[in-house]
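Numbering (the working numbering), first residue to last: 169 to 329. Every residue gets a Cβ at the ideal spot worked out from N, C-alpha and C, and that includes glycine.
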Amino acid sequence: MDDGRLLEEIALGKRSVAELAGLDAKDLDRIEGLGVSAFSSGRFDRAATIFSGLEALDPKRPEHSLHLAHAFAQSGHSGPAIDAFSRYLDGVEADGRTDDVIRALLARALLYVSRNDDQRAHADLSRARELAGQDPGLAKLVEEFGRDRSSQPPRAPKGSP
Numbered sequence: 169m170d171d172g173r174l175l176e177e178i179a180l181g182k183r184s185v186a187e188l189a190g191l192d193a194k195d196l197d198r199i200e201g202l203g204v205s206a207f208s209s210g211r212f213d214r215a216a217t218i219f220s221g222l223e224a225l226d227p228k229r230p231e232h233s234l235h236l237a238h239a240f241a242q243s244g245h246s247g248p249a250i251d252a253f254s255r256y257l258d259g260v261e262a263d264g265r266t267d268d269v270i271r272a273l274l275a276r277a278l279l280y281v282s283r284n285d286d287q288r289a290h291a292d293l294s295r296a297r298e299l300a301g302q303d304p305g306l307a308k309l310v311e312e313f314g315r316d317r318s319s320q321p322p323r324a325p326k327g328s329p
């Protein structure tokens, strides 16, 4: 296969860079574990570097964008954090992961508030309320909006150190 065809398949999402590099799910999970460890030890810029690489290697796993968003938020980079939360939401909103989507919407809304972008913050909060619907647990989560959810470290993948 020629280089142009490979680049086209990557650009169209038919192949990931991870596949071309010969990395399997366990390899990616180990790399993700390094990012989680960096995050947990307060090395947020290092975690952002790792998660950014993972996002490029394996764009089919939106969790990399979520972890990257948290790392950027903790290192004070609100613009890139908002962008990463947006990529995560684009990747999971149709998957039915309502509680994860609500948490990401609330975290992104807090970042919008920190940037004095009340209109976008309100839109995210409204969307979170709409998704919570009649579920008491999710409704409570939305009510607790004032708490900064973006300070929670990402969860390590199963089987990571």
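Query	Result
Can you check which of these residues, S205, H245 and R276, is closest to S294 by C-alpha distance?	R276
Flag this pair as yes or no: are the beta carbons of L225 and E200 separated by less than 8 Å?	no
Of all the options A206, E261, A262 and L236, which has the alpha carbon lying nearest to the alpha carbon of D251?	L236
So the alpha helix (DSSP H) G201 belongs to, where does it begin and stop?	A193 to S208
Applying the criterion that 16 or more other CB atoms from any shown protein chain within 10 Å of the CB defines a buried residue, is V310 buried or exposed?	buried
Quick check: the Cα distance between S208 and Q287, rounded to an integer number of angstroms?	32 Å
What residue from A216, S233 and G190 has the CA that sits closest to L202's CA?	A216
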